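Offset between the sequence shown (1-based) and the numbering used here: plus 25.
Ideal placement from N, C-alpha and C gives every residue a C-beta, glycine not left out.
These numbers were taken from a predicted model, which means no experiment stands behind them.
Below: the structure, in structure tokens.
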Amino acid sequence: QRGISAVAVAASFSLKPFAVHSANTFPAHSVFTDCEKLLGEIRSSERVRPFRRVPSAAQAIWHDLGDRGENRVPGWLAVTYRALGRYEEALAQWERDRASARAAGDPDSEAVALLQMADTYDQMEQRHQQIDVLKQALAISSKRPGDMQRILLGRLADTYSKLRDYSTALDYMRRELALVRSQGVPSPDILQAMGSLYDTLGDYRKALDYNLQALALIQAPAPKRAALFDAIASLHARRSEYAKALDNYNQALAIYLSKHATA
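Next comes the structure, spelled out in structure tokens:
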């Protein structure tokens, strides 16, 4: 899947748990109790190896709560529920985070909570619910265009692709492409993804165009250029342009052989 993981996005907005100042949130002792309940599962579960350090994190959160006298609902708690396959509990936690962020007038944290909910629905393969929360997050982030809006547009495109609604997926990809170009950011991954969708739709001319645009933007790493040469060769072959196909296959092969020779 393209884009940055939801966990990384959350971290980019805040290196600490979501701050909550609403009367609707858990008190500190409840947060710590929830942490304690999860520790046994976390220690033994093979699904949550990245969370091996959670016990010390739980203690740090507890001390932070005690020192500040604030109500905090740690975002990692919902991520842990999700890693354990306890999706409904994860969704409920993210919904609390979202409500708290909205009450605190924090649209960035609200959008992050919605994005995390969307990723949870993705793991549950509930695509329509995923689209619904992604659109809610997009409506919030559109007021301040930036990385979050770009990520949400990409996620919506990916989700519609999974539903085989390729025309809608392409619409979101075009919006994502326009946004990153307005920011002066190279966009080979988006162009390549659009080329792949046009290939799926059988529009080989447009597929070639977008793949060639992507190739022009990629100088390194070599494997990405080789993969694009290979895809372009396949498209030329489908168009019965065998000389061009052979030329691109040879360029892909040269990169692969060069990489192997220097390995």
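For residue i and residue j, I'd like the C-alpha separation in whole angstroms.
| i | j | result |
| --- | --- | --- |
| R230 | L181 | 25 angstroms |
| L188 | L159 | 15 angstroms |
| K249 | A129 | 44 angstroms |
| Q154 | D147 | 9 angstroms |
| A268 | L202 | 31 angstroms |
| Y106 | W119 | 10 angstroms |
| L195 | T184 | 11 angstroms |
| G227 | K168 | 36 angstroms |
| S283 | L271 | 18 angstroms |
| P75 | A108 | Since pLDDT at P75 reaches only 47, below the 50 mark, its modelled position is unreliable, and the value read off the structure follows with that caveat. Going from the Cα of P75 to the Cα of A108 covers about 9 angstroms. |
| M173 | Y223 | 26 angstroms |
| T145 | R175 | 19 angstroms |
Can you find a CB in chain D that lies within less than 8 angstroms of the CB of residue i?
| i | result |
| --- | --- |
| L177 | This model lacks chain D altogether, as it is built from one protein chain only. |
Check residue i in the structure and name its three-state DSSP category.
| i | result |
| --- | --- |
| K231 | helix |
| A115 | helix |
| V210 | coil |
| I29 | Below a pLDDT of 50, predicted positions are generally treated as unreliable, and I29, at 37, falls in that range; no measurement from the model is reported. |
| R169 | coil |
| R189 | coil |
| D224 | helix |
| R121 | helix |
| R107 | helix |
| P246 | coil |
| S134 | helix |
| A277 | helix |
Confirm, please, whether the CB-CB distance from residue j to residue i is below 8 angstroms.
| i | j | result |
| --- | --- | --- |
| L102 | L140 | no |
| Y281 | A245 | no |
| I257 | N275 | no |
| R123 | A138 | yes |
Just confirm the distance between the C-beta atoms of residue i and residue j, as a whole number of angstroms; I'd bet it's less than 8 angstroms.
| i | j | result |
| --- | --- | --- |
| I156 | A136 | Actually they are not in contact, since the Cβ atoms of I156 and A136 sit about 15 angstroms apart, beyond 8 angstroms. |
| P213 | L242 | 4 angstroms |
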